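Input: a single structure, listed below in structure tokens.
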Amino acid sequence: MFSKILKIINSALIFVFFVYLADNLYGTITYQPLINLNIIIFPFLKSYFLSGIFGAIVEVTSKENIVFNKESIFRNANHYWILLLLFSICPFAIYFISFITIGIFEIMPFNIAYAMFSLIIYYLLSNLMIRDKYLKPLNISNRKFKLSSRNTVVIAFLYLLNIFCENIIINSYISSPMLLNIMRFCSIYLQLIMFSYFTALILDHYPEIAAHNESQKELFLVNPINGGIISGFAFKFSGLPPASVFAIFKAITPKHYKIREFNRLYWRKRYFRKNKLVAITCFTSNAFEAYAIAKGFKDAGSKVVMGGPHISCLPDEALEYCDSVVIGDCESVWPDIIQDYENDSLKQKYFKPISEEDHHKVNAALLDLSPQDIAGYLETTRGCKFQCDFCSVPYLSNAAIYKRPIADVIALLNKAKTQYKHLGFIDTNLFNNPQYAKELFAEMKKLNITWRMQCTIDIAKDDEALRLAKESGCTSMLFGYEIIAGSKEKEKKGKYSMADKYVEFTKKIQKLGIKVKAQFIFGFENDTLRNIFDIWKFSLAIMPEYSSTSLLTPLPGSKFYNKVSSENRITNLNWRRYSLSYMVFKHNNLKSSTVTRLFPLVYSFINLTASSGGLIISFLTLFSVTIITISIKLYFILLNIK
């Protein structure tokens, strides 16, 4: 049991850290003149944060939830903070009595008083939360709580250890600030363990709670992490809606399914479950992570369906790890998958061209989703009018372009804007159909929102389209320049034929007050190291808000992948290396190992010196380093003076 509790607490460490920061702030101002005000504010702050985490711990321990998230914590905090605050009155009363009887008794520090009462506080709180969440709704009667000798020893040990930490905190404020901070964190960690232990012991008396929570039909939606833990926090603090790769699944899955989302989370073994339906979306660069998760669920006894760009291109590879694969779009086959799963007759491969009727059903179902889900999945068109060799979109879309009815797009925007005033479209190229785009922009003028999009730079040829985009609230456009004016890739025509006018088109867009974000690709067949300098000069000339440079990568499904594969020039089939930052094929003019080692420097140099946003970051970084350096020097100078 104890190891299970530690795994649960450790998966919430980031939230524990925030409580530690709040507690650290309290400890800092306790020794300031505002102590009387502080003892009033502190119970409110600590009660709010801890009650949210405590409520989330109950849900995870009871198997109602699997992962910690801020939505669950804030929901529980808003519901239970007053309860924990009332329990905190007991140690507060002890503190107040010791304060008014000064001269008879020594004043007891508040945190010691709180620690002394923590045992009964956490037992009562856990009991009441479980009663409120499960016993009443499930009509389960209360049962006598019994503690074994072993559990009594464990709880007593945790209790005494917590009081010991609080005593060290009191006595180490001046003598050892580092020890003080360590003990503060340990104290909070111990409090959470103590509460979790009580929760687990109480829930053991009610096995029907876990049975009820696991008896529901559940769909696990998994988008594996890509590029390390840091990518899991990509949109956490941006203020923008997270990209909802699961929106369509959530819209068209029957309502009696409970949906659990795992969007770019660091994966833990305790997430695996048996007898569940698991849908995993997979890109090439996170294929190994996706396969490992698929195998884990399959070994646990669940049914696993995989889809996404990589799976659509290499379905037989994926079938080594899962039960079924979806080739192409999921909208047309998902109802069949649900039916086959419930009949225990899943097929290995699912493929059906998407029809207008399928699109109509999805559009209607999307409106039932939350504003957050809609805002993260605003798509007007699917596919691209250009057929670039390096891109897999033409293969995935069968070279077709789908347009969502403008009335449906406006309806989705109206719902999304109730929560977000700045929105973004996920279209590969929103300017696939100029007439459609202009009609959409004209309707969007009535919505009073700002928005961003990705499209091709030929939009600059159409003055009306640019004007309507600006008037409708467009603030930024992302362009895949890929090549520059001097590149031999222009011979391939298509999008590349506009390369000579890239600077002119970009300046025209920027003149309207629309910010430009740029994407470049290095490593085309005729590129040499000199092309890095050419990309940098071009980026300086257009000065985008941000730029991103990628290495040419033969992604499965692209014409370029088929070409280098047939020529036996692929040098690395480790899919983790297909993140657009490694050279994984034999190049005519470039040495793969040299380019791979240089690329992080090239990426950072171009972005930080040849984009407006990068220059600001560079300046702020340089300024911060300078201030820190000066502060350290002044500190040592003052030490020498003393």
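Reading the sequence shown from the start, the letters are residues 28 to 669 in this note's numbering. Cβ coordinates follow ideal geometry from the N, Cα and C atoms, glycine included. Source: prediction; values computed, not measured.
Item, Value
"Distance, Ala278 Cα to Lys386 Cα", "Looking at the sequence itself, residue 386 is His, so the reference to Lys does not match. Taking the straight line joining both Cα atoms gives about 12 Å."
"Cut-off 7 Å between Cβ atoms - residues of its own chain near Trp108, not counting five sequence neighbours on either side", "Ser74, Tyr75 and Ser78"
"Exposure label - Asn166; buried when at least 16 CB within 10 Å", "exposed"
"Arg604, DSSP secondary structure in three states", "helix"
"Cut-off 7 Å between Cβ atoms - residues of its own chain near His283, not counting five sequence neighbours on either side", "Lys244"
"Meets three-Cβ-pair contact criterion under 8 Å: the stretch 374-388 and the stretch 453-464", "no"
"Through-space distance from Leu625 to Ser524, alpha-carbon basis", "29 Å"
"Length of the line joining the Cα atoms of Gly451 and Lys544", "14 Å"
"Reference Ser676, options Thr576, Ser639 and Leu152, closest by Cα", "This structure gives no information on residue 676, because the portion of the chain shown stretches from 28 to 669."
"Rounded separation between Lys535 and Leu393 - CA only", "36 Å"
"CB contact below 8 Å: Asn601 versus chain C", "Absent from the structure is chain C; it holds one protein chain and no more."
"Nearest-angstrom Cα separation, counted from Phe101 out to Phe262", "Reliability fails at Phe262, whose pLDDT of 35 lies under 50, so the model's placement of it is uncertain and the value that follows must be treated cautiously. The alpha-carbon atoms of Phe262 and Phe101 are separated by roughly 18 Å."
"Backbone secondary structure at Leu40 - three-state DSSP", "helix"
"Identity of the residues DSSP links to Phe247 by a beta bridge", "Arg287 and Val305"
"Rounded straight-line distance, which links the Cα of Tyr404 to that of Ile453", "7 Å"
"Cβ-based neighbour list, Met680, same chain, cut-off 8 Å, excluding 5 preceding and 5 following", "Residue coverage of the chain in this structure runs from 28 to 669, which leaves residue 680 outside it and unanswerable."
"CA-to-CA distance, Gln218 to Ile131, given in whole angstroms", "Unreliable positioning characterises Ile131 in this predicted model, as indicated by a pLDDT of 43, which lies under 50. The coordinate reading is nonetheless provided below. Taking the straight line from one Cα to the other gives about 31 Å."
"Asn558 and Phe565 closer than 8 Å at C-beta", "no"
"Close beta carbons around Asn456, own chain, < 6 Å, minus the five adjacent residues each side", "Cys411, Cys482 and Thr483"
"Val352 - DSSP class collapsed to helix/strand/coil", "strand"
"Cβ contact check for the stretch 592-610 and the stretch 566-574: 3 or more pairs under 8 Å", "no"
"Nearest-angstrom Cβ-Cβ length linking Leu547 and Glu509, presumed shorter than 8 Å", "The sequence shown places Phe at residue 547, not Leu. Correct: roughly 6 Å between the Cβ atoms."
"Secondary structure of Val360, DSSP reduced to three states", "coil"
"Nearest residue (CA-CA) to Phe612, options Phe587, Thr653, Met143 and Phe45", "Phe587"
"Inter-residue spacing [alpha-carbon to alpha-carbon] between Asp159 and Thr88", "15 Å"
"Cβ pair count under 8 Å reaching 3, the stretch 235-251 against the stretch 292-304", "yes"
"CB contact flag (Val331, Cys349, <8 Å)", "yes"
"Ser397 versus Ala443 - alpha carbon distance", "8 Å"
"Pairwise C-alpha distance: Phe551 and Asn616", "10 Å"
"6 Å Cβ shell around Tyr318 - same chain, five flanking residues per side excluded", "Tyr348"
"Buried or exposed (CB count within 10 angstroms, at least 16 for buried), Lys465", "buried"
"C-alpha distance - Ile659 paired with Leu647, whole-angstrom precision", "18 Å"
"Residues near Leu155 in its chain [Cβ-Cβ closer than 7 Å; skip 5 each side]", "Leu110"
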